[in-house]
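In what follows, a structure is listed as structure tokens, so that the remarks can point back to it.
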Amino acid sequence: MLHAIPDQLPWWVAGPGVGLCVVALYALANAKLGVSGGWLQLLFVAERRPVTEPWRLWFTGGLVAGAFLAAGLGAGRVSGYGALSRHLPVPLLALVLLAVGVLIGYGARWAGGCTSGHGISGCSAGSPESFAATATFFLVAIVVTVLVHLLSGGAV
Amino acid sequence: MRWSALAVGIVFGFFLTGSGLGNYHTIHQGLLLRDPYIYLMMAATIVTAATGIAALRRRGRTVFGEPLVIPRHPVRRQAVYGGAVFGVGFGIGATCPGITVAAIATGAWWGGLVLLGILGGLWLRGRAERGVGKVTIRRTRRVPTP
């Protein structure tokens with residue numbers, strides 16, 4: 001494991017880096033950066049339905065490669081699943097994380113995008129719908145997090 | 001297009017993972033409003049991308065000379081409904097479709113279950129939109145009893 005990069009890049013490096021990716025994808029491929037759309041294309045592959053936007057599979061493949069590259073270069077290691085894995089028995093943790101995924105996937109498809117498609121790309125392009133979706137993502141997530149925190153007596 | 005998408009995907013994955021958002025703690029502390037990192041990063045991302053997009057819109061063409069399309073949409077209700085469902089998962093799991101990959105890559109293998117759930121959720125929403133499993137109540141004609 002190398003230590004070419006710190007555990008956590010400063011926000012003023014990681015933020016502009018991600019922002020430039022949005023610009024580069026428009027400039028090079030005329031495409032709106034988004035992740036959940038890539039998983040949707042992967043689902044089409046699994047369902048043996050036609051892949052409608054093949055570039056998304058390439059983008060998502062790149063995302064996976066880039067993530068492992070950063071991990072190999074020294075991005076902070078994580079084990080378990082934060083406070084959830086400290087307080088939940090394994091079967092319950094598995095169930096909760098599956099449910100978390102289902103809510104995220106269901107909501108992203110319903111909303112027409114996730115924290116990248118709406119939150120980053122759509123907001124940067126000044127799309128009113130993306131402002132509404134992103135505000136909803138964060139407001140609901142903050143309320144849920146604070147509620148869980150209070151109900152669990154500060155454990156989670 | 002595929003090589004551009006692959007190259008940008010690699011850089012995107014690198015910064016997303018380098019930011020440490022794959023660590024539950026980073027986003028969780030942000031959502032508890034105790035650590036401003038996620039908001040500062042998001043703001044820096046949007047300011048950078050918005051500046052670049054404004055320049056691209058003036059240019060009107062991609063690097064390869066294609067006419068550029070950067071859409072804006074008026075608010076539709078599903079953005080808020082879907083956004084609320086997404087927000088519940090985002091709040092409990094402190095993760096999202098891209099961050100899950102960062103989590104897995106840095107050793108949080110549990111992210112694999114979230115990813116499996118995401119595929120399941122996308123599938124379920126597809127079914128709902130196609131109207132599969134929707135209960136239709138048919139009115140049964142009353143047969144007059146003699």
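Chain order of the listed sequences is A and B.
My numbering applies: residue 1 is where the first sequence begins, and numbers increase by one.
My numbering applies: residue 1 is where the second sequence begins, and numbers increase by one.
All C-beta atoms, glycine included, are put in the ideal place defined by N, C-alpha and C.
Just so we're clear, the structure is a prediction, and the values are computed from it rather than from any experiment.
Query raised in the report: Taking just the CA atoms, how far does residue 77 of chain A sit from residue 66 of chain A?
Result: 15 Å
Report task. Please look up how many angstroms separate the CB atoms of residue 102 of chain B and residue 21 of chain B, rounded, as I've assumed it's under 8 Å. Result -> Between residue 21 of chain B and residue 102 of chain B the Cβ distance is about 6 Å, and since that is below 8 Å, they are a contact.
Query - Beta-carbon separation (whole angstroms), residue 44 of chain B vs residue 12 of chain A, contact threshold 8 Å - result: Contact between residue 44 of chain B and residue 12 of chain A holds, since their C-beta atoms are separated by about 6 Å, short of 8 Å.
Requested in this report: Output yes or no for whether 9 Å exceeds the beta carbon distance between residue 83 of chain B and residue 102 of chain A.
Outcome: No. Outside cutoff.
Query raised in the report: Would residue 97 of chain B be called buried (16 or more neighbouring beta carbons within 10 Å of its own) or exposed?
Result: buried
Query raised in the report: Does any residue of chain B bring its CB to less than 9 Å from the CB of residue 56 of chain A?
Result: yes
Query raised in the report: Secondary structure at residue 74 of chain A, three-state DSSP: helix, strand or coil?
Result: coil
Query raised in the report: Of all the CB atoms in chain A, is at least one closer than 9 Å to the CB of residue 2 of chain B?
Result: yes
Query raised in the report: In this structure, does DSSP put residue 72 of chain B in helix, strand or coil?
Result: coil
Query raised in the report: Is the stretch 44 to 62 of chain A in contact with the stretch 72 to 81 of chain B, if contact means three or more CB pairs nearer than 8 Å?
Result: The way I'd put it, the stretch 44 to 62 of chain A doesn't touch the stretch 72 to 81 of chain B; fewer than three beta-carbon pairs between them come closer than 8 Å.
Query raised in the report: Are the beta-carbon atoms belonging to residue 143 of chain A and residue 87 of chain B less than 9 Å from one another?
Result: yes
Requested in this report: Label residue 116 of chain A either buried or exposed according to how many other C-beta atoms from any shown protein chain fall within 10 Å of its C-beta, with 16 as the threshold for buried.
Outcome: buried
Query raised in the report: With a CB to CB cut of under 6 Å and the five nearest residues on each side skipped, what residues in its chain are close to residue 74 of chain A?
Result: 2, 3, 4 and 5
Query - Short CB-CB distance (under 9 Å) between residue 132 of chain B and chain A - result: no
Report task. Please report the Cβ distance between residue 29 of chain A and residue 1 of chain B, rounded to the nearest whole angstrom; I am assuming they are in contact, meaning their Cβ atoms lie under 8 Å. Result -> 5 Å
Query raised in the report: If you draw a straight line from the C-alpha of residue 63 of chain A to the C-alpha of residue 52 of chain A, how long is it?
Result: 19 Å
Query raised in the report: Helix, strand or coil: which one does DSSP assign to residue 117 of chain B?
Result: In the structure shown, residue 117 of chain B falls within a helical segment according to DSSP collapsed to helix, strand and coil.
Report task. Could you pull the start and end residues of the alpha helix (DSSP H) that residue 47 of chain A belongs to? Result -> Segment: none, residue 47 of chain A is in no alpha helix (DSSP H) and carries neither H nor E.
Query raised in the report: With 9 Å set as the bound, which would you pick, yes or no: does the beta-carbon of residue 51 of chain A sit closer than that to a beta-carbon of chain B?
Result: So no, residue 51 of chain A is outside the interface.
Query raised in the report: Which two residues bound the contiguous alpha helix (DSSP H) that contains residue 77 of chain B?
Result: 77 to 93
Requested in this report: Would you check if the distance between the CB atom of residue 95 of chain B and the CB atom of residue 104 of chain A is smaller than 9 Å?
Outcome: yes
Requested in this report: Look up residue 83 of chain A in the DSSP assignment and give the residues it is bridged to.
Outcome: Answer by DSSP bridge pairing, in chain order: A:81.
**Report entry** Cβ shell of residue 129 of chain A (< 8 Å), same chain only, five flanking positions each side left out
**Finding:** 112, 118 and 122
Query raised in the report: For residue 7 of chain B, which of A:156, A:138, A:60 and A:35 has the nearest alpha-carbon?
Result: A:60
Query raised in the report: Ordered along the chain, which non-local residues of its own chain (more than five positions away) have a Cβ less than 6 Å from that of residue 16 of chain B?
Result: 98 and 102
Query raised in the report: Looking at C-alpha atoms only, which residue of B:85, B:54, B:24 and B:65 is the closest neighbour of residue 82 of chain A?
Result: When each option's Cα is compared against that of residue 82 of chain A, the closest is B:24.
Query - Of the listed residues A:124, A:109, A:110 and A:84, nearest to residue 152 of chain A (C-alpha basis) - result: The candidate whose alpha carbon is nearest that of residue 152 of chain A is A:84.
**Report entry** Straight-line gap, residue 68 of chain B to residue 56 of chain A (C-alpha atoms, nearest Å)
**Finding:** 18 Å
Query raised in the report: Looking at the structure shown, is residue 128 of chain A part of a helix, part of a strand, or coil, going by DSSP?
Result: helix
Requested in this report: Using the DSSP secondary-structure output, state which residues sit across from residue 61 of chain B in a beta bridge.
Outcome: B:67
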